[in-house]
Amino acid sequence: MSISLRSLILLPIWISMAHIQQGGPDEKEKTTALKDLLSRIDLDELMKKDEPPLDFPDTLEGFEYAFNEKGQLRHIKTGEPFVFNYREDLHRWNQKRYEALGEIITKYVYELLEKDCNLKKISIPVDATESEPKSFIFMSEDALTNPQKLMVLIHGSGVVRAGQWARRLIINEDLDSGTQIPFIKRAMDEGYGVIVLNPNENYIEVEKPKIHVQSSSDSSDEPAEKRERKDKVSKETKKRRDFYEKYRNPQREKEMMQLYIRENGSPEEHAVYVWDHFIAQSAAENVFFVAHSYGGLAFVELMIQREADVKSKVTAVALTDSVHNVWHQEAGKTIREWMRENCCNWVSSSEPLDTSVESMLPDCPRVSAGTDRHELTSWKSFPSIFKFFTEASEAKTSSLKPTLTRRSHRIKHEDL
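According to mature numbering (1 follows the signal peptide of the UniProt record, and there is no 0), the sequence shown holds residues -23 to -1, 1 to 393 in order.
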C-alpha cells in the first residue's frame, strides 16, 4: 500500500486525536484508546472494506462455465479457460471465488460418480445415528460380491474429495487428468469391483454458537449508581471493540467449529474404517490399491495396523508420488519386504514413463510417472498401473500350482 493511501485512511483518526488532545482528562482517555487502535490496525485487513461482497454463485451456470465434450472447463460465452485473476489487485477475493467454484466442482464430480459411473453413495459410519456427523464413500454394485477383483482408489490430502486426484487439473486441464473417472471406467470394463475412498471428509462445519456472558453488573447487591457507571464503561468498551472490528475485518466471515466424524477423523482412520467394514468383507480374491500422495501414507498406516489381513487379501498396490515414509511410520521389516514384492511407486520425474528411479528408502520400487508434475502422476501412469495389476494377478495365479508342487517335493524328500 502506498504512503499517500495509508495517510488518507488514517487522516480522520489523526484529526480526531488532535481535537481530543485539546480537551480534559476524559478526552485524553479517548486519545489513549485511539492510539491503541492505531497500533493494532492491520492496514492490509483495513483495505478489505473495498472488496466486493464474498457472495458467489452456487452453480457452474452461475459462474458462466461448463465442461465441453473434451471434459475441459470453458466460459459459456467466450470459450476461454478459467481465469483466476477475475479482479485485478484483489487476490483474496479471487481466491475465495476460486474456492467457491471448487466446491461446485466437488459436487459435480460426485454426480458423475453416481450418474456416469453408476456407483452407489454409501454413508459412514454404517451405524450412524440420525443426528451425528456423517461422511460417505462410493462403491460399484458388485464391490462386495465380485469374487475375482476389487480396485480401491485413495486420493491425496487437501481440498480434493472422492473421485478427484487434483482440483487444479479439473479446473485448468480436464476431467480425465484431474479425476479418478478413467480409472473407475476402465476397472469396471475389465471386471473389477470398485471402492472410492473419501479420506479428507473428516468433519462437518457448523456455526459457532454465540456465548452470552452475563455481566457482573447485574448483581442486585450493588448500588444503582455503581451499576450505571459499570454499564457505561461496558458500553464504551463494546463500542471501541466494534469500531476496531469494523476496520479489522469488514467482511467478517462466520466463525465455524468442526464436528469430527466418528472413526473417520483423519485419512488414516478412514482407510482403516473402510477396510474393516467393506474391503475385508468383500468376496474378491484379489484386491488392488491405487493411492496418490498422502493416500500412500494412509495405505502404509493401514498395513501397520492390519498387516496379516492386508497381506492375505491384497495382490498389488500402485502408488503415485506417495509421501509415505517407512522409517517415520515405523513400518516393520516384514511390511517393508512385502512392499518390495507387491508395490510400485510411480514418482514425479523427467525420465520416460516406467524408467527405474533410485530410492533412498528400503521399501517398494520407484519408477518414473513420465512427468515432473506431482498432481499429474496418477494420470500419466494410468496405462502402466493397469498393466502392473494384470501382471501381478497372472503371476499370483500361475505361481499357486508350482509353489504347491515344489513344497510337496520338498516334504517328500525330507520324509525320505
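Where is the CB? At the ideal position from N, CA and C, for every residue including glycine.
Three or more beta-carbon pairs separated by less than 8 Å link the region 86 to 106 to the region 128 to 143, which places the two stretches in contact. By the neighbour-count criterion, in which a residue is buried when 16 or more other Cβ atoms sit within 10 angstroms of its Cβ, M234 is exposed. According to the DSSP assignment, E38 belongs to the alpha helix (DSSP H) that extends over L37 to F40.
Counting every other CB atom within 10 Å of its CB across the protein chains shown gives Q157 a total of 16 or more, marking it as buried. Nearest to F359 by C-alpha distance, out of D286, D35 and F160, is F160. Under the three-state reduction of DSSP, E167 is assigned to coil, being neither helix nor strand. In this chain, the alpha helix (DSSP H) harbouring I147 covers R144 to N149.
Scanning P58, F365, R64 and E307 for the CA closest to the CA of P30 turns up R64. Annotation for A293: the continuous beta strand (DSSP E) segment containing it runs V291 to T297. N263 is positioned such that its CB atom lies closer than 8 Å to that of K126. The straight-line gap separating the alpha-carbon atoms of E118 and M128 is approximately 13 Å. Within the DSSP secondary-structure output, F115 pairs in a beta bridge with K98 and V173. For Y250, the enclosing alpha helix (DSSP H) stretches over residues P244 to V251. In its chain, beyond the 5 residues on either side, E41 and A43 have a beta carbon closer than 6 Å to the beta carbon of I53. Judged by DSSP in its simplified three-state form, S333 adopts strand. About 5 Å separates the Cβ atoms of N241 and S112, confirming a contact at the 8 Å cut-off. Between the C-alpha atoms of T55 and K92 there is a straight-line separation of about 28 Å.
In this structure Y169 is buried. Its beta-carbon is surrounded by 16 or more other beta-carbon atoms within 10 angstroms. DSSP places R313 in the uninterrupted alpha helix (DSSP H) bounded by K310 to N319. Here W304 is exposed, its C-beta having fewer than 16 other C-beta atoms within 10 Å.
Beta-bridge pairing by DSSP links E182 to Q235.
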